[in-house]
Amino acid sequence: MPEPEDGNKGVTIVGGGLVGSLLAVSLGQRGLRVHLHESRSDIRRAAEVSGRSINLALSHRGREALRAVGLEDEVLSTAIPMRARMIHPLSGNQYSIPYGTKRDDCIYSVNRRALNELLLTKAEESPNISIHFESRLLQADLETNTLVFSDGATGKKTVQTEFVFGCDGAHSTVRRQMMRWGRLNYQQEYIQHGYRELTMPPTPSGDFAMEPNFLHIWPHHEFMMIALPNRDKSFTLTLFMPCSVFESIRNEDSLLTFFRAHFPDSINKIGVERLYKSTLLTRRER
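Under the UniProt record's numbering, think of the first position of the sequence shown as 1, with each following residue one higher.
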């Protein structure tokens, strides 16, 4: 027999990432009984976390969502304001494009994992919210709202709920189950681009290697690189380009040649050895 996700107007959220954890906090504050199921283990107890680590550029809409659950000030207290885009052309003549006319017209660089951890902690503090880690959705009867989860501790667990929210990402199990229970048209297409991440460390004196209050952009037609500042005075760089270009970079020589041709002003700031040890040579594009 399925176990009820207890409480009046019970809600089950599948996926404990940024969207799922924020939704749990919001619904919990409205007095709903919420069960949040996350397939991964608790990221707050993990040394490393799989998945995207791209920094978030938090804008007005994101701030409004955090303000609604009382977390805007706490998040912004550790965020870095970015008041303009800093463009790095091949000519070397950098120029900035402000986000607005006022000093407060800015977006913020926010650590994705830290934000997710904060939202999970906020959810955990609510008596209305229960979080189930290592709980992967296997199947769902969306006519009866009966869900079957793979439970790391007990094997399988069948639960019944009143409302189901699918917040489980691009390869959503909830969406796949919806396609079984209704006439749902769905199409998924992959773009030709992937991305990989690098780190630009602080300078030997412990300062930022570039101006910190900018979103740095190296635009190059079919690909680009961006850099967002971190609290430890490093930058997280993300290189977006066609998968075929990533595949053409096969060794240290071709990697250095590529960066000299397209991102010459970044090489010394990143460091050649750090480039060689980066995911550009050790991992497939995402």
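Just so you know, even glycine gets a beta-carbon here, dropped at the ideal spot from N, CA and C.
Query - Pairwise C-alpha distance: A68 and G10 - result: In the sequence shown, residue 10 corresponds to position 10, counting from 1. In the sequence shown, residue 68 corresponds to position 68, counting from 1. If you take the alpha carbons of G10 and A68, they lie about 21 Å apart.
Requested in this report: Look up E134 in the DSSP assignment and give the residues it is bridged to.
Outcome: In the sequence shown, the residue the question calls residue 134 occupies position 134. Answer by DSSP bridge pairing: none, since E134 is not bridged.
Query raised in the report: If you drop the 5 nearest sequence neighbours on each side, which residues of the same chain put their C-beta closer than 8 Å to that of G271?
Result: Position 271 of the sequence shown, counted from the first residue, corresponds to residue 271. The answer, listed in chain order, is P201.
Query raised in the report: Would you say R44 faces chain C, with C-beta separation under 8 Å as the test?
Result: Any reference to chain C falls outside this structure, which holds one protein chain only.
Query - Unbroken alpha helix (DSSP H) run spanning E197, endpoints - result: Counting from one through the sequence shown, the residue named residue 197 turns up at place 197. Run containing E197: none in the alpha helix (DSSP H); it sits in the beta strand (DSSP E), H193 to M200.
**Report entry** Where the beta strand (DSSP E) through T78 begins and ends
**Finding:** As a working note, residue 78 is residue 78 in the sequence shown. Looking at the DSSP string, T78 is not in any beta strand (DSSP E), and its letter there is neither H nor E.
Report task. Report all residues from its chain with a CB closer than 6 Å to the CB of W181; omit the five preceding and five following residues, and keep chain order. Result -> Counting from 1 along the sequence shown, the entry for residue 181 is found at position 181. Same-chain partners within the cutoff: L142.
Query raised in the report: Which first and last residues belong to the beta strand (DSSP E) in which I226 is found?
Result: Within the sequence shown, numbered from 1, the residue matching residue 226 stands at position 226. Looking at the DSSP string, the run of the beta strand (DSSP E) that includes I226 is F223 to P229.
Query raised in the report: Which whole-angstrom value is the C-beta distance of A227 and M241, which I expect to be below 8 Å?
Result: Along the sequence shown, one-based indexing puts residue 227 at 227. Along the sequence shown, one-based indexing puts residue 241 at 241. Incorrect: roughly 15 Å between the Cβ atoms, too far for contact.
**Report entry** Contacts around I55, its chain only, beta-carbon distance under 6 Å, and the 5 residues preceding and following it disregarded
**Finding:** What you label residue 55 is simply residue 55 of the sequence shown in a count that begins at 1. For the sequence presented, residue 55 should be read as Asn rather than Ile. Cβ within range, chain order: S109, L228 and T236.
Query raised in the report: Going by Cα to Cα distance, which pick from N116, T158 and R112 is closest to I80?
Result: Counted from its first residue, the sequence shown places residue 80 at position 80. When each option's Cα is compared against that of I80, the closest is R112.
**Report entry** Where the alpha helix (DSSP H) through E64 begins and ends
**Finding:** The residue you call residue 64 lines up with position 64 of the sequence shown. H60 to A68 is the extent of the alpha helix (DSSP H) around E64.
Query raised in the report: Using 8 Å as the Cβ pair cut-off and three pairs as the minimum, do the region 117-126 and the region 11-25 touch?
Result: yes
Report task. Mind checking which residues open and close the beta strand (DSSP E) that includes E252? Result -> By 1-based counting over the sequence shown, the position of residue 252 is 252. Taken as a continuous stretch (DSSP letters only), E252 belongs to no beta strand (DSSP E), being part of the alpha helix (DSSP H) at E252 to H262.
Query raised in the report: Around the C-beta of I13, are 16 or more other C-beta atoms found within 10 angstroms, so that it is buried, or is it exposed?
Result: Indexing the sequence shown from 1 puts residue 13 at position 13. Under this definition I13 is a buried residue.
Query raised in the report: Which first and last residues belong to the beta strand (DSSP E) in which G155 is found?
Result: In the sequence shown, the residue the question calls residue 155 occupies position 155. Segment G155 to Q160, the beta strand (DSSP E) holding G155.
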